[in-house]
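In the order they appear, the protein sequences are chains F and A. So in the UniProt record's numbering, spot 256 of the first sequence is number 256, and the numbers just go up one at a time. So in the UniProt record's numbering, spot 143 of the second sequence is number 143, and the numbers just go up one at a time. Positions of the beta carbon are idealized from the N, C-alpha and C atoms, including for glycine. None of the values given here were measured: they were computed from a predicted structure. Heads up: the structure comes next, in structure tokens.
2 protein chains.
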Amino acid sequence: MTRLNQLQTSFPDFGIDGILITSMPNIRYLSGFASDEPGVASLLVTDTAAFLITDYRFDEQAQEQCAASGTEVVVRDRAHETLGQTIRRLTSDAGTTRLGFEQDRLSYTQWQSITQDLNSGTEGFQPLSGIVERLRRKKDPTELQHMRKAAALADASLDQLIGLLRPGMSEREAAVELEYALMKRGSEGFAFPTIFASGPRSSLPHGMPSNRVLQAGDMVTIDFGAVVEGYRSDMTRTLVIGKASAQQREVYALVQEAQRLGVESVAAGIPCSEPAQIVARFLGQSPYARFAGDGLGHAIGLETHERPYFTDTEATLLEAGFVMTVEPGIYIPGWGGVRIEDDILVQAQGSESLTTFTRELIEIA
Amino acid sequence: MTRLNQLQTSFPDFGIDGILITSMPNIRYLSGFASDEPGVASLLVTDTAAFLITDYRFDEQAQEQCAASGTEVVVRDRAHETLGQTIRRLTSDAGTTRLGFEQDRLSYTQWQSITQDLNSGTEGFQPLSGIVERLRRKKDPTELQHMRKAAALADASLDQLIGLLRPGMSEREAAVELEYALMKRGSEGFAFPTIFASGPRSSLPHGMPSNRVLQAGDMVTIDFGAVVEGYRSDMTRTLVIGKASAQQREVYALVQEAQRLGVESVAAGIPCSEPAQIVARFLGQSPYARFAGDGLGHAIGLETHERPYFTDTEATLLEAGFVMTVEPGIYIPGWGGVRIEDDILVQAQGSESLTTFTRELIEIA
């Protein structure tokens with residue numbers, strides 16, 4: 001069953017007979033049309049067909065990318081037809097009377113304008129949330145191929161960076177070299193703004209690269225990701241410039257063991273809360289309990305942060321094909337922090353880490 | 001008068017006594033809080049105060065960045081208070097009864113949730129568009145300093161790339177080197193996805209870098225931008241690999257002259273339609289009239305594409321301090337294209353090009 005068919009099959013559950021998709025990753029997933037720029041296209045899925053509505057600038061790209069999914073490209077002349085009018089024309093032809101829309105991905109202006117054009121009452125245009133995102137949780141072999149490639153790119157790029165790192169280099173300079181390595185190896189961009197935080201700054205979970213210069217004794221946290229065919233990787237490693245102190249070794253070993261426990265607990269059929277609780281319990285018994293970070297990880301795919309999340313209370317059951325990050329951390333203000341993160345594919349039996357870079361403590365001579 | 005005061009002074013014109021800002025560039029412009037991630041903060045401006053509403057993760061950053069604007073940071077505990085409840089508490093304290101919101105920058109979900117929490121009727125929460133964007137059109141000396149720096153970075157990076165370009169290199173490889181040069185020189189990222197299109201592909205106005213290999217006789221269109229303190233540059237140059245043919249020279253000279261006419265016509269007090277019409281008339285009389293691109297340019301600043309645009313019908317009068325791109329192009333399907341683009345600062349007398357890279361045709365030996 002194609003992705004579009006899967007979506008159409010779920011329509012009765014939501015009391016709709018069509019849906020307007022405006023999230024760009026969802027449009028890509030269903031139709032093949034790839035753009036990160038919100039608004040350049042919308043996807044209308046009726047009971048029996050799918051229409052990518054765009055304008056002349058993206059016609060050629062859309063024709064090429066939508067062919068495999070059987071999505072029909074509709075070129076709208078923006079000067080003469082509003083998006084709502086195009087939708088009205090297509091839904092009227094298809095006999096669609098209860099159209100859903102993605103309520104988190106439509107602006108107030110768009111909602112108001114389309115509502116006016118459709119003139120179909122509240123039932124005719126219904127807010128919905130997370131429908132396509134649910135389908136996206138289980139990755140298929142093609143998606144996994146892209147995700148493996150993104151993970152491998154990240155592994156190799158970090159390895160290359162470590163050969164370049166030396167005291168005297170700034171966080172910014174180092175981050176630029178890492179990003180250059182990613183691009184040279186074929187990453188389509190960066191999964192998110194690269195985090196590169198050294199010394200006391202390594203206690204900032206989201207420390208952007210600064211002009212701080214690396215020096216002996218620094219812990220360095222590097223959190224970054226590659227993109228392949230839209231699919232992302234997300235990996236964190238923490239290393240030490242020079243020789244690690246006894247306390248640095250102690251904190252590192254603690255996080256390393258927490259991450260191992262978290263990864264080992266991942267399996268199809270367990271709720272997302274379980275790995276989160278296991279790791280929280282382990283770190284909670286350590287002398288660094290009050291410095292442990294919140295949340296253990298998140299799903300990843302066409303977006304860096306997808307649902308479900310690994311939190312204490314998340315009841316969603318893991319299924320084979322989910323890819324989840326496992327990223328415990330200890331963050332000690334004024335001293336520094338350690339985080340280790342991998343992308344874990346849930347399998348029918350156990351799991352597999354897509355990112356494979358060593359989790360042992362690296363000391364940069 | 002501060003930017004916040006300017007905004008507050010305009011409240012009566014819109015029948016409001018407060019406004020909720022959710023556009024990240026607008027939040028940055030008014031408060032100083034800098035993030036590209038929608039949703040991590042909102043800015044509530046009342047008659048007498050401004051509140052940046054965020055969560056604990058961004059508290060430290062917000063305190064630091066908002067101090068200069070006098071914006072108070074309000075840390076919301078997302079588990080115990082919705083955004084709407086926080087807004088209700090703050091507006092109730094301030095006596096705000098007619099709150100505006102940015103209708104293009106609020107999702108249906110957010111709008112519905114805040115509307116419910118405020119429970120203040122239609123007049124209590126009013127859709128508005130472009131209020132802060134209007135203030136942002138005239139750049140002040142600090143903004144111009146950042147924009148000059150972004151333009152200079154772009155100039156120097158293109159110069160460096162041209163030293164590296166050679167037949168046999170792919171578009172992708174070349175684009176990666178350009179982006180690396182930008183980052184090494186201190187660009188915070190890229191103003192937009194770099195366009196790098198060679199040979200027949202150069203007729204695509206938005207050609208993303210492909211694996212096509214550069215070869216003698218290719219025209220190459222390069223359109224890219226740097227970012228400094230959030231401010232963008234946007235420049236296009238077209239060059240030839242090897243010796244230019246007679247027709248390549250002819251088309252290039254035509255676009256070069258069109259761009260010169262466009263830039264020369266820019267002056268405070270004229271409507272935006274005037275440069276657009278002058279260039280359209282000039283290209284319309286040429287043998288390549290039917291291959292001329294639409295639209296002559298756009299304003300630029302914290303966003304790459306800001307209003308107003310240079311179109312045939314745009315009545316907005318240029319004012320000193322506006323920065324506008326001038327980017328005519330000829331795009332001949334199957335043959336190739338030429339575009340030349342600079343960022344032009346409107347001055348009280350005449351104008352100044354922030355980007356200064358040569359507009360003469362470059363042939364890559």
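| query | result |
| --- | --- |
| Residue span of the beta strand (DSSP E) that contains A:E352, given as start and end | S351 to S353 |
| Proximity of F:G336 and F:S202 at Cβ, strictly below 7 Å | yes |
| Cβ separation of A:R220 and A:L204, assumed to be a contact under 8 Å, to the nearest whole Å | A small correction: the amino acid at residue 220 of chain A is Val; Arg does not occupy that position in the sequence shown. At roughly 12 Å, the Cβ-Cβ gap does not stay under 8 Å, so A:V220 and A:L204 are not in contact. |
| Contact set between the region 103-118 of chain A and chain F, restricted to residues whose Cβ is under 9 Å from the partner | Q103, D104, R105, L106, S107, Y108, T109, Q110, W111 and Q112 |
| A:R98: CB within 6 Å of a non-hydrogen atom of the ligand NAD | Ligands in the displayed structure: none, and consequently the ligand NAD is not present. |
| Distance CB(A:G269)-CB(A:L296) smaller than 7 Å | no |
| Cβ neighbour criterion (16 or more within 10 Å) applied to A:E37 | exposed |
| Cutoff 7 Å: F:K184 Cβ touching any chain A Cβ | yes |
| Separation of A:G18 from F:G301, as counted between CA atoms | 40 Å |
| Interface partners of A:P127 on chain F, CB under 9 Å | Y108, T109 and Q112 |
| Min CB distance F:V176 to chain A below 7 Å | yes |
| 7 Å Cβ cutoff met for F:T236 and F:R339 | yes |
| Cutoff 7 Å: F:Y29 Cβ touching any chain A Cβ | no |
| Residues near F:N26 by beta carbon distance below 6 Å, same chain, minus five either side | V132 |
| Residue range of the beta strand (DSSP E) that includes A:Q277 | Run containing A:Q277: none in the beta strand (DSSP E); it sits in the alpha helix (DSSP H), S273 to G284. |
| Continuous alpha helix (DSSP H) stretch holding A:G84: start and end | L83 to A94 |
| Option in A:A79, A:G100 and A:V40 with minimal Cα separation from A:D13 | A:G100 |
| C-alpha gap between A:V74 and A:F125, whole angstroms | 21 Å |
| Buried/exposed call for F:H80, threshold 16 Cβ in 10 Å | exposed |
| With 16 other Cβ atoms within 10 Å as the buried cut-off, status of F:G95 | exposed |
| Contact residues within the region 31-57 of chain F, judged by C-beta distance below 9 Å to chain A | D36, E37 and R57 |
| Residues from the region 206-239 of chain F in contact with chain A, defined by Cβ distance under 8 Å | H206 |
| Proximity test, Cβ basis, 7 Å: A:Y180 and chain F | yes |
| Outcome for F:R359 when other beta-carbon atoms lying within 10 angstroms are tallied against a minimum of 16 | buried |
| Residues sharing a beta bridge with A:H298, DSSP | A:Y309 |
| At least three beta-carbon pairs within less than 8 Å, the region 111-128 of chain A to the region 184-194 of chain A | no |
| Within 7 Å, strictly: CB atoms of F:D343 and F:T355 | yes |
| Whole alpha helix (DSSP H) elements within the region 168-249 of chain A, 4-residue minimum | 171-184 |
| At least three beta-carbon pairs within less than 8 Å, the region 139-156 of chain A to the region 140-155 of chain F | no |
| Inter-residue spacing [alpha-carbon to alpha-carbon] between F:T325 and F:H298 | 5 Å |
| Same chain, Cβ closer than 7 Å to A:S31, five either side skipped, listed in chain order | L43, A50, L52, C66, S69 and T71 |
| Top-ranked residue by Cα proximity to F:Q160, from F:V255, F:A175, F:R89 and F:R290 | F:A175 |
| Rounded separation between F:I278 and F:S265 - CA only | 8 Å |
| Assigned exposure category for F:A315 - 16 Cβ within 10 Å defines buried | exposed |
| Reference A:Y309; option with closest CA among A:E274, A:E64, A:R89 and A:S113 | A:E274 |
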